[in-house]
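Numbering (this note's numbering), first residue to last: 2 to 574.
Below is one structure, written out as structure tokens; the observations come after it.
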């Protein structure tokens with residue numbers, strides 16, 4: 002094979018590094034002179050001469066390090082350098098003649114390739130010297146640091162691993178990647194790897210032609226991206242997203258799973274989401290959801306969810322057919338719990354993004370599927386996402402009617418109000434306050450009356466006091482709900498305390514006044530009697546004086562003719 006199409010073939014490395022260094026020094030000293038005395042391609046030889054001078058300096062620095070001869074990388078690097086120098090020596094001899102044999106273009110190509118090899122050797126030597134691995138005995142190189150190892154020992158190990166990745170041959174790379182993966186699986190090592198290692202070079206191996214190297218490189222990048230915010234940021238900044246999306250598109254199932262994990266991790270940073278569109282990643286992620294394994298699907302839908310809030314990507318997600326896919330994932334029996342949760346989260350994001358997206362979700366029977374999911378799942382983060390989606394969809398009149406007429410759904414809302422987390426309570430109360438439900442459904446959830454009274458006392462989150470009040474007033478249009486409240490001493494006392502002008506927990510006294518007005522409407526003698534006995538009358542009088550909205554009317558209803566007589570006497574006087 003001609004040198005123009007082949008890499009340098011080093012002699013058999015059966016000699017110690019020092020022997021090769023002596024041979025290199027000998028050839029180099031000759032080349033430094035001959036490269037200045039050539040008769041042809043003088044400009045190119047001047048460039049070679051500068052590289053040879055740099056090589057001489059690098060080899061001097063190499064020989065001055067205390068343990069240079071122990072490093073196994075030099076058993077291949079030095080023979081390769083010697084082979085390149087011998088090739089340059091042969092070319093310089095030809096240029097010393099009056100004419101070049103074999104044609105100038107052919108010779109020029111050979112010289113450029115040999116010069117390029119020389120540049121690669123200089124890069125490897127510079128990397129080896131800067132890594133610091135030559136300053137310590139090779140006895141500890143690639144010996145995995147134990148639990149008691151210092152940060153300095155671990156950093157040295159990482160630098161050595163990356164040096165072998167960049168300088169060594171295939172076997173060196175494989176062993177180095179094995180060591181890198183092992184250390185990345187240990188807790189708190191990722192930040193050090195990201196700081197001390199050449200992550201950009203590791204990313205380049207993600208598309209390596211060697212299957213073993215590629216597999217380990219994708220795993221290493223996946224572990225790194227998933228380990229910490231700092232490591233994830235470095236992987237992204239070093240161009241990791243594009244190659245990972247390519248692997249997710251064209252790789253084996255094993256590679257796709259690792260790539261999907263990494264892509265989800267990278268896109269979890271909102272600042273990185275835009276790049277998915279730049280790399281054409283939306284269609285890749287959607288196809289991974291359609292045809293990938295359960296693990297691939299779970300992480301791919303997670304990545305879609307991560308970028309669904311990015312304005313520029315949102316429309317692409319819809320146009321690529323993600324909504325039907327997401328709706329299917331919500332109820333698919335083959336979907337993992339994690340994938341279902343992420344799909345629900347994504348649907349909730351899209352449902353809150355405008356009428357266009359809500360129409361797509363409704364068209365795919367999304368409302369019914371979300372309602373079915375609410376009935377089948379225990380209280381969890383998935384339920385929260387499902388309920389958020391339903392709240393967003395409920396702005397549609399047709400959806401609101403469907404929700405209002407479903408007794409099972411209304412009962413589930415009541416369960417969330419009495420037993421759910423604060424977030425579920427807030428969502429359920431706001432939804433209940435917006436629906437027009439039948440008296441029968443109101444009776445079905447009257448057990449949540451006490452919880453609604455309790456929520457009226459909560460100043461945060463914003464809006465919960467008003468929503469709880471509106472929902473409670475709605476329930477109090479049926480007599481059984483009124484009796485439920487006034488017969489519950491704790492709830493009644495909470496209501497009285499909220500009416501107290503001195504109680505700052507409920508700053509807007511309009512809300513408890515609305516509840517009192519609802520309790521006394523319809524002429525319920527029992528409700529009026531219990532409210533008067535609890536001390537509501539005195540607080541309402543004070544609120545009338547401060548002109549709280551609705552207080553005067555509530556007081557009139559509570560006291561009947563008594564209040565009219567009081568006002569008439571005051572007017573006459």
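Quick reminder that beta carbons are idealized off the backbone N, C-alpha and C, glycines included.
Since we're looking at a predicted model, the values are computed, not measured.
* Asked: Does the region 227-236 come close enough to the region 253-260 that 3 or more CB-CB pairs lie under 8 Å?
  -> In this structure the region 253-260 does not lie against the region 227-236, because fewer than three pairs of beta carbons, one per stretch, are closer than 8 Å.
* To do: Indicate whether residue 363 and residue 375 have their beta-carbon atoms separated by less than 8 Å.
  => As a working note, residue 363 is residue 362 in the chain shown. As a working note, residue 375 is residue 374 in the chain shown. The answer is no: Cβ separation not under 8 Å.
* Asked: Looking at C-alpha atoms only, which residue of 135, 159 and 440 is the closest neighbour of residue 183?
  -> Residue numbering aside, residue 183 sits at position 182 when the chain shown is read from its first letter. Check the Cα spacing between residue 183 and each of 135, 159 and 440: the tightest is with 159.
* Asked: In whole angstroms, what is the alpha-carbon distance linking residue 559 and residue 522?
  -> Taking the chain shown and counting its residues from 1, the one referred to as residue 559 is at position 558. Taking the chain shown and counting its residues from 1, the one referred to as residue 522 is at position 521. CA-CA distance, residue 559 to residue 522, rounds to 9 Å.
* Is the region 513-520 close to the region 488-505, with three or more CB pairs under 8 Å? -> At 8 Å Cβ cutoff, the stretches touch.
* Asked: Where does residue 280 fall in DSSP's three states?
  -> In the chain shown, residue 280 corresponds to position 279, counting from 1. Here residue 280 sits in coil by DSSP.
* To do: Would you mind sorting residue 308 into buried or exposed? The rule is 16 or more other CB atoms within 10 Å of its CB.
  => If you number the chain shown from 1, residue 308 lands on position 307. Using a 10 angstroms sphere on the CB of residue 308, the tally of other CB atoms reaches 16 or more, which defines it as buried.
* To do: Please go through the region 321-401 and give each complete alpha helix (DSSP H) segment of 4 or more residues, from N-terminal end onward.
  => Here the runs fully enclosed are 323-332, 338-352, 356-364, 367-377 and 382-394.
* Contiguous alpha helix (DSSP H) assignments of at least 4 residues, all confined to the region 62-118 -> Within the region 62-118, the runs of alpha helix (DSSP H) that reach at least 4 residues and sit entirely inside it are, in chain order, 75-96.
* To do: Give me the Cα-Cα distance between residue 570 and residue 557, rounded to the nearest whole angstrom.
  => Along the chain shown, one-based indexing puts residue 570 at 569. Along the chain shown, one-based indexing puts residue 557 at 556. Low confidence applies to residue 570: its pLDDT is 46, below 50, so where it sits in the model is not reliable, and the reading given next is rough at best. If you draw a straight line from the Cα of residue 570 to the Cα of residue 557, it is about 15 Å long.
* Asked: So, are the CB atoms of residue 97 and residue 35 less than 8 Å apart?
  -> By 1-based counting over the chain shown, the position of residue 97 is 96. By 1-based counting over the chain shown, the position of residue 35 is 34. Taking 8 Å as the Cβ cut-off, residue 97 and residue 35 qualify as a contacting pair.
* To do: Taking all protein chains shown into account, decide if residue 111 is buried (16 or more other Cβ within 10 angstroms of its Cβ) or exposed.
  => On the chain shown, residue 111 is found 110 positions in, with the first residue counted as 1. Residue 111 sits buried, since 16 or more C-beta atoms from the chains shown fall within 10 Å of its C-beta.
* In terms of alpha-carbon separation, which member of 427, 209, 414 and 277 lies closest to residue 443? -> Residue 443 sits at position 442 when you count from the first residue of the chain shown. Of the listed residues, the one whose Cα sits closest to residue 443 is 414.
* Asked: On the premise that residue 164 lies in contact with residue 206, defined as a C-beta separation below 8 Å, what is that separation, rounded to the nearest angstrom?
  -> Residue 206 sits at position 205 when you count from the first residue of the chain shown. Residue 164 sits at position 163 when you count from the first residue of the chain shown. Taking 8 Å as the upper bound for CB-CB distance, residue 206 and residue 164 are not in contact here, some 14 Å apart.
* Where residue 442 sits in the DSSP three-state scheme -> Position 441 of the chain shown holds residue 442. In the structure shown, residue 442 sits in a helix (DSSP, three-state: H, G or I).
* Asked: Just the Cα atoms here: how many angstroms apart are residue 480 and residue 530?
  -> For the purposes of this step, residue 480 is identified with residue 479 of the chain shown, where counting begins at 1. For the purposes of this step, residue 530 is identified with residue 529 of the chain shown, where counting begins at 1. Across the structure, residue 480 and residue 530 are spaced so that their CA atoms are roughly 15 Å apart.
* Identify, in the order they occur along the chain, each residue of the same chain with its Cβ nearer than 7 Å to the Cβ of residue 501, setting aside the five sequence neighbours on each side. => The residue given as residue 501 occupies position 500 in the chain shown. Beyond the five residues adjoining it in sequence on each side, residue 501 comes within less than 7 Å, by CB distance, of 540 in the same chain, given in chain order.
* **Secondary structure of residue 209, DSSP reduced to three states** => Your numbering for residue 209 matches position 208 in the chain shown. DSSP, reduced to helix, strand and coil, places residue 209 outside both helices and strands of the structure shown, so it counts as coil.
* Specify the secondary structure class of residue 19 as computed by DSSP and reduced to three states. => Sequence index remark: in the chain shown, residue 19 carries index 18 (1-based). Note: residue 19 maps to helix in three-state DSSP.
* Give every residue of the same chain whose Cβ lies closer than 6 Å to the Cβ of residue 389, excluding the five residues on either side of it in the sequence, and list them in chain order. => Here residue 389 refers to the residue found at position 388 of the chain shown. Residues 349 of the same chain have their beta carbon placed closer than 6 Å to that of residue 389, with the five preceding and five following residues left out of the count.
* To do: Jot down the residue ranges of each uninterrupted alpha helix (DSSP H) in the region 284-313, minimum 4 residues, whole runs only, in chain order.
  => Counting only runs of 4 or more, we get 295-308.
* Asked: How many Å lie between residue 330 and residue 316 at the Cα?
  -> For the purposes of this step, residue 330 is identified with residue 329 of the chain shown, where counting begins at 1. For the purposes of this step, residue 316 is identified with residue 315 of the chain shown, where counting begins at 1. Computed Cα separation, rounded: 20 Å.
* So does residue 521 have its beta carbon nearer than 7 Å to some heavy atom of the ligand NAD? -> Questions concerning the ligand NAD fall outside what the structure shown contains, since it holds no ligand whatsoever.
* Asked: Going by alpha carbons, who is nearest to residue 406 out of 75, 272 and 439?
  -> Within the chain shown, the letter at position 405 stands for residue 406. Closest option to residue 406, Cα to Cα, is 439.
* Could you give the DSSP three-state label for residue 479: helix, strand or coil? => Reading the chain shown from its first residue, position 478 is the one you call residue 479. Residue 479 falls in the coil class under three-state DSSP.
* In this structure, does DSSP put residue 502 in helix, strand or coil? -> As a first step, residue 502 must be located in the chain shown, where it is residue number 501. It is coil, neither helix nor strand.
* What did DSSP end up calling residue 44 once you bin it into helix, strand or coil? -> The count along the chain shown starts at 1 and reaches residue 44 at position 43. Residue state for residue 44 is assigned as helix, using DSSP reduced to three classes.
* **Start and end residues, alpha helix (DSSP H) containing residue 408** => As a working note, residue 408 is residue 407 in the chain shown. First-last of the alpha helix (DSSP H) with residue 408: 408-420.
* Asked: So which of 532, 473, 509 and 477 has the shortest CA-CA distance to residue 490?
  -> For this step, residue 490 is matched to residue 489 along the chain shown. Checked all of 532, 473, 509 and 477; the closest Cα to residue 490 is 532.
* Option in 52, 70 and 417 with minimal Cα separation from residue 124 -> Taking the first residue of the chain shown as position 1, residue 124 is located at position 123. Checking every option, the nearest Cα to that of residue 124 belongs to 52.
* Buried or exposed by the 16-neighbour rule on C-beta atoms within 10 Å, applied to residue 299 -> The residue you call residue 299 lines up with position 298 of the chain shown. Under this definition residue 299 is a buried residue.
* To do: Decide if residue 550 is buried, meaning its Cβ has at least 16 other Cβ atoms within 10 Å, or exposed.
  => The residue labelled residue 550 in the question sits at position 549 within the chain shown. Residue 550 comes out exposed.
* To do: Compute the Euclidean distance between the alpha carbons of residue 139 and residue 71, then round it to the nearest angstrom.
  => In the chain shown, counting from the first residue as 1, residue 139 sits at position 138. In the chain shown, counting from the first residue as 1, residue 71 sits at position 70. Residue placement at residue 139 is flagged as unreliable, the pLDDT there being 49, under the threshold of 50; the coordinate-derived value follows with that caveat. Those two C-alpha atoms are separated by around 6 Å.
* If you draw a straight line from the C-alpha of residue 404 to the C-alpha of residue 462, how long is it? -> Mapped onto the chain shown, residue 404 falls at position 403. Mapped onto the chain shown, residue 462 falls at position 461. Cα-Cα distance, rounded: 24 Å.
* **Residue of 399, 448 and 382 minimising C-alpha distance to residue 428** => Residue numbering aside, residue 428 sits at position 427 when the chain shown is read from its first letter. Of 399, 448 and 382, the residue nearest in Cα terms is 382.
* **Burial state of residue 161, where buried means 16 or more other Cβ atoms lie within 10 Å** => Position 160 of the chain shown, counted from the first residue, corresponds to residue 161. Answer is buried; the Cβ neighbour count reaches 16.
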